[in-house]
Every structure is written in structure tokens, then in C-alpha cells.
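Asker: Be aware that the sequence shown starts at 1, since it is given in the UniProt record's numbering, and climbs by one per residue. Cβ atoms here follow ideal geometry from the backbone N, Cα and C, with glycine treated the same way.
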Amino acid sequence: MAFRGRRPEHGGPPELFYDKNEARKYVRNSRMIDVQTKMAGRALELLCLPEGQPCYLLDIGCGSGLSGDYLSDEGHYWVGIDISPAMLDAALDRDTEGDLLLGDMGQGIPFKPGSFDGCISISAIQWLCNANKKSDIPAKRLYCFFSSLYSVLVRGARAVLQLYPENSEQLELITIQATKAGFTGGVVVDFPNSAKAKKFYLCLFSGPSTFMPKPLNESNESNEEEEVQESVFTRERIPYRIACRGVVRKSREWVLEKKERRRRQGKEVRPDTQYTGRKRKPRF
């Protein structure tokens, strides 16, 4: 589910918290759109997918489809699952490219084993720590979710789940259930010393442990500030997702951003030159 200003315990069950009024914010609020897109970009970066290869991904708590739109922009295919009908209606109104499914992740992920090359989730997993009725046992719901997620992933695939833990006990509960389900991995904390930019990403491996990604440090925190940007009106028909991100696909800025992301993953990237991102004339 998408980024929000209120904590889950203030709003009851997620399907009631994310009503039509809440869903409108994720369609009209430029700040929420920007923050959601940045976190989706970071989650995709932490997945460390093969470069230039389209993958089939799962978006847990897809909400209005903002994070899924980022996956589409990067050339991937995706399926989103969410418990809120209002949020899924907003995603349909926005004509997102992914397939959408109404469902409760605490009851398991209803797909065949080995269906997905990876999984992302933005601000959804902490909802499983709440007991909204007597039959809800957080530990059992978390284990049901993680065990089914482990099953639907291709062996060796990753899941990156961005979350807002209330305290260390809640984070420990989540990681313990993920480990019981068979996952390895750990938590990456970006900007741990910043109250505003601090983000938790649970990085899970459905196979042998590989290297843990490095967290973003304070030196580039200014690039991650969640600032409100002014809207620019134009008569040109610009794709909605690209306009929200503020970066035109295949432009020089887009290419430089993608190359920098690859460098942070430790991959070999050609040095930047004056010709980087420049369109070449066709040859005959």
C-alpha cells in the first residue's frame, strides 16, 4: 500500500482505512506520487534484477498502482494484490498496465509455485502486525504470508518489502516469521540518522544468501528529500507515469540516473561522457 501520514493503528483494518477519500490522495497528491515512486525505485534497485531483461514481478499492497507504474516504466511485467477495493478502483481508473487482484496477503498469496522473478512491497507488511479481530493472530498471518511468498518466487529470487515498523519488537516479529518460512536476508536502513528520510527495506532471498545491498548514506540524502514540487501545465500529451516522475524516459537525465543506480549495485558501467544519452542518427 502507498505512503501515508497516519499510522495503521489509527485507522482500523486496511480495507476500511483506504476508502475512496484516501484513494483520491494517491491520484491527486503530487507529493505522495513522488514519494511512492522514489520508494518503488529504491525497492527495484535492491532487487538487483538482470540488466536489460524484463521480469515478471509481484507487487504486494499495490494500492492505486503507483509503484507498479514504475515497474512498467522500467520494462517489467507485474501483478498487484491489495485488500482495498477503493484503491484497486483508483488503479483501474488510472489504466495501470499490471494485472490486479483483490486479496488479503495475511491469508496467503494465491499463485502457482515459482510464478514470479521477484517481489516488491511499499508500506504494507506492517499491517499484518495488527489484530483487527479475535481470530487475527499476527504471528500466524505473517508466517502464512511469508511461506506462500517463498513458494511463488523462483528459487534464488528476491523480495524487497519497504515497511514502517512501530518498534524493534514489531520488526523482530516480522523477521522471525520470514526466517521460519525459509527466507534469508536482512534489513537495509536508508538514512538511519534522518527522521524525515529514514526508510526500512526488508531484503529477502529465496535461496542461498548473497551479498546484502548497501544502505544509502547521508552524503546523498539531499537527493532523497521528500519535497513538494510545483505542477507544470502543458497541452502536450505526456504519459501520466513519466510526467509524475519528472524524468522523461530515455532522456539524458534518465540514462544518468539508471547508470548511477547500477554503480550503487556494484555493477560495471561505462563512464559518463558528453555523448551519454544522446540520440544517434539512423544508419543505412
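On the DSSP letters alone, give me the boundaries of the beta strand (DSSP E) that residue 179 sits inside.
Answerer: Counting along the chain, residue 179 falls outside any beta strand (DSSP E), though it belongs to the alpha helix (DSSP H) covering 168-180.
Asker: Residue 66 and residue 40 look like a contact to me (Cβ under 8 Å); what is the Cβ gap, rounded to whole Å?
Answerer: Indeed they touch by this definition, with Cβ atoms about 7 Å apart.
Asker: Would you check if the distance between the CB atom of residue 142 and the CB atom of residue 173 is smaller than 8 Å?
Answerer: Contact flag set, yes.
Asker: Suppose you measure from the CA of residue 252 to the CA of residue 162; what does that come to, to the nearest Å?
Answerer: Distance between the alpha carbons of residue 252 and residue 162: 29 Å.
Asker: For residue 137, count neighbouring Cβ atoms within 10 angstroms of its own Cβ and tell me buried if that reaches 16, exposed if not.
Answerer: So residue 137 counts as exposed.
Asker: So the beta strand (DSSP E) residue 78 belongs to, where does it begin and stop?
Answerer: That run of the beta strand (DSSP E) goes 77-82.
Asker: With the cut-off set at 8 Å, would you say residue 191 and residue 206 are in Cβ contact?
Answerer: No, these two residues do not count as a Cβ contact at 8 Å.
Asker: Between the Cα of residue 165 and the Cα atoms of 185, 122 and 158, which residue gives the shortest distance?
Answerer: Selected option, being the one with the closest Cα: 122.
Asker: On a CA-only basis, which of 130, 279, 169 and 42 is nearest residue 160? Give me that one, please.
Answerer: Ranking 130, 279, 169 and 42 by Cα distance to residue 160 puts 42 first.
Asker: Within the chosen definition, does the region 25-34 reach the region 53-69 through at least 3 CB pairs nearer than 8 Å?
Answerer: With a cut-off of 8 Å, the region 53-69 and the region 25-34 count as touching, because enough Cβ pairs lie within range.
Asker: Report the three-state DSSP secondary structure of residue 33 (helix, strand or coil).
Answerer: Three-state DSSP puts residue 33 in a helix.
Asker: Reducing DSSP to helix, strand and coil, say where residue 89 ends up.
Answerer: The answer is helix: DSSP assigns residue 89 an H, G or I state.
Asker: Are the beta-carbon atoms belonging to residue 185 and residue 204 less than 8 Å from one another?
Answerer: Yes, they are a contact pair.
Asker: Looking only at its chain, what residues have a beta carbon closer than 6 Å to the beta carbon of residue 76, apart from the 5 residues adjacent to it on each side?
Answerer: Correct list, in chain order: 54, 55 and 57.
Asker: Since residue 47 and residue 118 are thought to touch, with beta carbons under 8 Å apart, how far apart are those beta carbons, to the nearest angstrom?
Answerer: About 5 Å; that satisfies the 8 Å criterion.
Asker: Tell me the rounded alpha-carbon separation between residue 263 and residue 134.
Answerer: So the two alpha carbons sit approximately 48 Å from each other.
Asker: Exposed or buried, which one is residue 267 when buried takes at least 16 other CB atoms within 10 Å?
Answerer: Exposed, because fewer than 16 other Cβ atoms sit within 10 Å of the Cβ of residue 267.
Asker: If you draw a straight line from the C-alpha of residue 269 to the C-alpha of residue 279, how long is it?
Answerer: For residue 269 and residue 279, the distance between alpha carbons rounds to 19 Å.
Asker: Would you call residue 156 buried or exposed, if buried means 16 or more other Cβ atoms sit within 10 Å of its Cβ?
Answerer: Result: exposed.
Asker: What's the C-alpha gap between residue 197 and residue 35?
Answerer: Each residue's alpha carbon lies about 10 Å from the other.
Asker: Buried or exposed: which applies to residue 273, given that a residue is buried once 16 or more other Cβ atoms fall within 10 Å of its Cβ?
Answerer: By the 10 Å Cβ count, residue 273 comes out exposed.
Asker: From the DSSP secondary-structure annotation, give me the bridge partner or partners of residue 203.
Answerer: DSSP lists 160 and 186 as partners of residue 203.
Asker: Give the range of the alpha helix (DSSP H) segment to which residue 73 is assigned.
Answerer: Segment 66-73, the alpha helix (DSSP H) holding residue 73.
Asker: What's the C-alpha gap between residue 147 and residue 277?
Answerer: Approximately 43 Å, taken between the alpha carbons.
Asker: Taking DSSP as the reference, what is the three-state secondary structure of residue 155?
Answerer: Note: residue 155 maps to strand in three-state DSSP.
Asker: Take the Cβ of residue 345 as the centre, count every other Cβ of all protein chains shown within 10 Å, and call the residue buried at 16 or more, exposed below.
Answerer: Here the chain covers residues 1 to 284 and nothing more, so residue 345 does not appear.
Asker: Check the C-beta distance from residue 82 over to residue 88 and give it rounded, since I have them as a contact under 8 Å.
Answerer: Contact holds; Cβ gap of about 6 Å.
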